[in-house]
Amino acid sequence: MTTDSLNPRSWLYPTPRGLYCEPGDFYVDPAVAVNRAVITHGHGDHARPGHRNALATPETLAIMRARFQDMPDTAQQPLKYGESVRVGCIEVSLVPAGHILGSAQVVLEHRGQRIVVSGDYKRRPDATCPPFEPVPCDVFITEATFALPVFHHPPDMVEIGKLLRSLETFPERTHLVGVYALGKCQRVIRLLRAAGYDKRIWLHGALASLCTLYQQHGIDLGDIALVSDAILETFRGAIVLCPPSAISDRWTRRFNEPIPAMASGWMGVRARARQRGAELPLIISDHADWSELCMTLKDVGAPKVWVTHGREEALVHMARSIGIEAEALHLAGREEDEGET
Amino acid sequence: MQAFAELLDALSFQPARNAKLRLIEHYLQHTPDPDRGWALAALTGGLDFPGAKPALLRSFGEDKIGAELFHWSYDYVGDLAETLALIWETNPEAGPPPRLGEVVETLQRATKMQTPAILKRWLDSLDATGRWALLKLLTGALRVGVSARLAKQAVANVGKQPVDQVEEVWHALSPPYRPLFDWLQNGGPKPSTNSGGAFLPAMLANPIERAELDTLDPTHFRAEWKWDGIRVQVSSSGGVKRLYSRAGEDVSAAFPDIVEAIDFDGVFDGELLVRREEAIAPFNDLQQRLNRKVVTSKMLKEHPAHVRLYDALWIEGEDLRALPFDQRRARLEAWMARQPRPRFDLSPLVQFTDWAHLAQLREEMRGDGIEGLMLKRADSPYLAGRPKGPWFKWKRDPHLADCVLMYAQRGHGKRSSFYSDYTFGCWRDAEGKRELAPVGKAYFGFTDEELRWLDKWVRDHTTSRFGPVREVEPNLVLEIAFDGIARSTRHKSGVAMRFPRVNRIRTDKPAGEADTVDNLLRLVPPSGNG
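Next up, the structure:
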């Protein structure tokens, strides 16, 4: 499939507005509003409001409508996983990325050359979205959020076990778990259910609408309820999910000696967990860890890898050491650390 | 090892004392001997492994993933043991992870040559938390915010005994403390305290105010000056000589001048001071001598330590603790009179006729090195802990300063949603401009209601944020109470307060009328070399 004469950087390259595909005249996850955008998934640093045309999975478009007041001014083009469509001179298809509901890798084909933009991805099972599918390609553009050998996310059930054991040791205290509203929240609920926790899980109001959206997409979250709807509830020994910023908010004063927990890949590093005020850090990430990144480079088998979005140098170093032509690709508008990870 | 690792992990993230106690108790109750004994030794600082040096850990890491990746990783994590724990991957074929007891006993026997191979095998078999705990244990810096006292409190709670009972037997025991657990959990005999240089739990006093004194009969009490040093216990028997803090921490190593001067058998209660000729140096001078592993001869010469004795618990094999205070005092005076005792002297009794007279003496005593008065019932036996009634401390009134709130930081645990740690400043002139210089930090002294008020004030008057810290408009005056003040090179303003707390919120006072740094400097006592 390789056309040796064609330089991939001639048809897909970074600009101040984002990654631009010239023969298709569209951007992938642009940092600002543009005429035509292809969106990998619904997180805020990838999906932004105001595009005139947006192409994404139906689930991602639903998430964007929920977040951006229905987007009446954006022409929306849903594309299901596995289907393809022609945009300008480009064949575009979307393949599951295993990151959150609706998340996709963008597969671009032009004159026999194939580039895959991974967006954000992970390789372990997640009950809220289909798993990542490796697509053989000429150029693989990978994220690098957790691209250091210190990041080895433990099995999810080990981390959920930590939360459940803490509930045994401190059965009267409210366990307040900081989660990102989109993806992490629903995944943590599903993990708790899988671990046999069938009690009511309480939610901060900011998490409500996306949980409803997940439920509408057939993801069963069990007995969930809003903290604000509680009457005569002491929250003793309850699990309450909230956005990370609410953990040290005045809102928490209604709870019984709350234990602040945080579910994030960053919790693997102690100093980071302390910075976030977590007393019970749970290493649960929606991104690939170091071994998953390395495994993915081998699985897709691309001779060229462009690394973006995180700690590029370590992954570039690793890719080169196994004979891959790797370079860092600096994209505008990516939040380095504290985004929805 | 895995259970111990989980304990250390939980402790390292848990700021609240009671929750830390619960975690340790839970571990001690659910872990068999000898592992729990070794864990107790680790938490109380009783283990030492000379074989594992940082250079060894670094070379492990570089061999594993290459120098570049290891360098980037270490750079990001900032802690060598943690970096190595994270980059090392568990090898499913390495067999079961070691028990804590196996780790300790193996390393105590292993030669320096054998250590690296043993260590690698364990790193392979443990998970990331287990590796982190193992490496922290080996490098001797647990840093999980647990004092030896707290660990002993947890052991005592497990056996439903007062912590002083554990302190009393502690120094006669060694890891893994089987007799201790036998006694506390299995109804075994209480371990013997009859061994060399043991610590005996100290008797503590309750604070008292002038008004309460009128309910007491002055003829029942004896008075002593309350020295501004550190309460210590001098313990010597069977040729073992020790100096302990009042919590039972062995501080002998930092004060070789005192230990050398012990040429007697007995256990005495007294105040550790720095004394030059006849003069007692300010507390700050004593502070220079604390927390040092190595004491230089210069330090010994310029900051000579001294113990001012005020009670005798044992003298030459005889336990005096059941005797009334007056009799112990007579025995102490007679013992001191027998021969000169360099580096030790007697804290004199303060003679008074009634409370008004004593109040007057307290007012007049402006000398340095005195914090107030101690009042002890003439008939009081020496009791462990802080019994109510026999002993009182009547502190000198604190200094007060009006300071301006500059920064507020969120607290921990129950206070994590409250801005409860306050940095305050005083005015000074810098290059012709009047500015606030931070002079201290206080996080108590206020009521719950005042805390809610302060928290709201901080939120409503924030000018900028730095992580958990907020800078506020310099408009709120706090009256700060503090027990002393010293010059300090570590603080921008050049002064450091002792025991500062929020005394009152002065909404009535304009910030411009708060105190100046110069006002504070006038309170600094003149120092010898400090």
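Chains as they are written, first to last, in my numbering: chain A, 3 to 343; chain B, -18 to 511. A virtual CB, placed ideally from N, CA and C, is assigned to each residue, including glycine. What you are looking at is a predicted structure, and each value in this text was computed from that prediction instead of being measured.
Of all the options the options, which has the alpha carbon lying nearest to the alpha carbon of residue i?
{"i": "PRO362(B)", "options": "ASP14(B), SER54(B), GLN(-5)(B), ARG309(B)", "result": "ARG309(B)"}
{"i": "ARG202(A)", "options": "ARG192(A), CYS187(A), GLN188(A), GLY224(A)", "result": "GLY224(A)"}
{"i": "GLU315(A)", "options": "HIS177(A), THR147(A), ARG195(A)", "result": "THR147(A)"}
{"i": "PRO182(B)", "options": "VAL147(B), ALA109(B), PHE399(B)", "result": "VAL147(B)"}
{"i": "LEU501(B)", "options": "ARG471(B), ALA462(B), ILE486(B), PRO491(B)", "result": "ALA462(B)"}
{"i": "PRO419(B)", "options": "LEU37(B), SER469(B), GLY426(B), GLY370(B)", "result": "SER469(B)"}
{"i": "ILE249(A)", "options": "PRO449(B), TYR8(B), PRO455(B), ASP489(B)", "result": "PRO449(B)"}
{"i": "LEU284(A)", "options": "MET264(A), THR144(A), ALA273(A)", "result": "MET264(A)"}
{"i": "GLY27(B)", "options": "ILE99(B), PRO379(B), ALA132(B)", "result": "ALA132(B)"}
{"i": "PHE202(B)", "options": "GLN332(B), ALA423(B), LEU435(B)", "result": "GLN332(B)"}
{"i": "GLY426(B)", "options": "PRO481(B), HIS442(B), ARG415(B)", "result": "PRO481(B)"}
{"i": "ALA228(B)", "options": "ILE261(B), MET184(B), HIS393(B), GLY177(B)", "result": "MET184(B)"}
{"i": "ASP14(B)", "options": "ARG343(B), VAL458(B), PRO157(B), VAL213(B)", "result": "PRO157(B)"}
{"i": "ALA98(B)", "options": "SER155(B), LEU38(B), GLY126(B), ILE46(B)", "result": "LEU38(B)"}
{"i": "LEU169(A)", "options": "LEU150(A), ALA183(A), LYS306(A), LEU194(A)", "result": "LEU194(A)"}
{"i": "ILE351(B)", "options": "PRO329(B), ASP250(B), ARG440(B), PHE447(B)", "result": "PRO329(B)"}
Under 7 Å Cβ-Cβ, which residues of chain A neighbour residue i?
{"i": "GLN513(B)", "result": "An answer regarding residue 513(B) cannot be provided, because it is not within the stretch -18 to 511 covered by chain B."}
{"i": "TYR403(B)", "result": "In chain order: nothing, as chain A lies at least about 17 Å away."}
Where does residue i land, buried or exposed, given buried means 16+ other C-beta within 10 angstroms?
{"i": "LEU333(A)", "result": "buried"}
{"i": "ASP209(B)", "result": "buried"}
{"i": "VAL275(B)", "result": "exposed"}
{"i": "LEU(-8)(B)", "result": "buried"}
{"i": "GLN107(A)", "result": "buried"}
{"i": "TYR15(A)", "result": "exposed"}
{"i": "LEU331(A)", "result": "buried"}
{"i": "LEU518(B)", "result": "Nothing in the structure corresponds to residue 518(B), since chain B is present only between -18 and 511."}
{"i": "GLN188(A)", "result": "buried"}
Looking at residue j and residue i, is the spacing between their C-beta atoms short of 7 Å?
{"i": "SER40(B)", "j": "PRO78(B)", "result": "no"}
{"i": "GLY111(B)", "j": "GLN(-5)(B)", "result": "no"}
{"i": "ASP383(B)", "j": "GLU452(B)", "result": "no"}
{"i": "THR42(A)", "j": "GLY121(A)", "result": "yes"}
{"i": "VAL109(A)", "j": "VAL137(A)", "result": "yes"}
{"i": "GLU93(A)", "j": "GLU111(A)", "result": "yes"}
{"i": "ARG175(A)", "j": "ALA290(A)", "result": "no"}
{"i": "ALA153(B)", "j": "ALA179(B)", "result": "yes"}
{"i": "LEU281(B)", "j": "ASP238(B)", "result": "yes"}
{"i": "THR144(A)", "j": "VAL309(A)", "result": "yes"}
{"i": "ALA56(A)", "j": "THR76(A)", "result": "yes"}
{"i": "TRP375(B)", "j": "PRO199(B)", "result": "no"}
{"i": "GLN207(B)", "j": "MET317(B)", "result": "Contrary to the premise, residue 207(B) reads as Lys rather than Gln in this sequence. Against a cut-off of 7 Å, the Cβ pair of MET317(B) and LYS207(B) comes out as no contact."}
{"i": "VAL229(A)", "j": "TRP204(A)", "result": "yes"}
{"i": "TYR512(B)", "j": "LEU24(B)", "result": "Residue coverage of chain B in this structure runs from -18 to 511, which leaves residue 512(B) outside it and unanswerable."}
{"i": "ARG19(A)", "j": "VAL34(A)", "result": "yes"}
{"i": "ALA423(B)", "j": "VAL458(B)", "result": "no"}
List, in chain order, every chain A residue whose beta-carbon is nearer than 8 Å to that of residue i.
{"i": "GLU70(B)", "result": "HIS154, SER293"}
{"i": "GLY575(B)", "result": "Nothing about residue 575(B) can be read from this structure; chain B reaches only from -18 to 511."}
{"i": "THR64(B)", "result": "VAL152"}
{"i": "ILE46(B)", "result": "PRO151"}
{"i": "LEU4(B)", "result": "THR171"}
Check the Cβ of residue i against every Cβ in chain B and list those closer than 7 Å, keeping chain order.
{"i": "ARG252(A)", "result": "SER398"}
{"i": "HIS319(A)", "result": "GLU49, LEU50"}
{"i": "ALA316(A)", "result": "LEU50, TRP53"}
{"i": "ARG255(A)", "result": "SER398"}
Using a cut-off of 8 Å between C-beta atoms, extract the partners of residue i located in chain B.
{"i": "ALA275(A)", "result": "PHE(-6)"}
{"i": "GLY270(A)", "result": "LEU67, ALA109"}
Along chain B, which residues have their Cβ under 9 Å away from the Cβ of residue i?
{"i": "PRO262(A)", "result": "SER397"}
Going along chain A in order, which residues have a C-beta closer than 9 Å to the C-beta of residue i?
{"i": "ASP108(B)", "result": "PRO156, VAL160"}
{"i": "VAL276(B)", "result": "Simply none; closest approach about 33 Å."}
Please list the partners that residue i has in chain D, where partner means a Cβ-to-Cβ separation under 7 Å.
{"i": "VAL229(A)", "result": "This model lacks chain D altogether; the protein chains it does include are A and B."}
Inset, instruction - Please confirm if the stretch 250 to 264 of chain A is in contact with the stretch 143 to 156 of chain A, defined as three or more CB-CB distances below 8 Å between the two stretches. - result: no
Legend entry - Validate contact between the stretch 110 to 118 of chain A and the stretch 8 to 19 of chain B using beta carbons, cut 8 Å, 3 pairs: no
Legend entry - Touch test, the stretch 243 to 254 of chain B against the stretch 382 to 391 of chain B, Cβ-Cβ under 8 Å, three pairs minimum: no
Inset, instruction - Could you tell me whether the stretch 309 to 329 of chain B touches the stretch 138 to 158 of chain B, where touching means 3 or more Cβ pairs closer than 8 Å? - result: no
Legend entry - Segment contact, 8 Å Cβ cut-off, at least three pairs: the stretch 398 to 410 of chain B with the stretch 363 to 372 of chain B: no
Inset, instruction - Flag this pair as touching only if the stretch 207 to 217 of chain A and the stretch 225 to 245 of chain A have three or more C-beta atom pairs under 8 Å; answer yes or no. - result: yes
Inset, instruction - For the stretch 80 to 97 of chain A and the stretch 266 to 282 of chain A, state whether three or more C-beta atom pairs, one from each stretch, are separated by less than 8 Å. - result: no
Inset, instruction - Spell out a yes or no on whether the stretch 209 to 218 of chain B and the stretch 253 to 261 of chain B are touching, meaning 3 or more CB-CB pairs, one atom from each, closer than 8 Å. - result: yes
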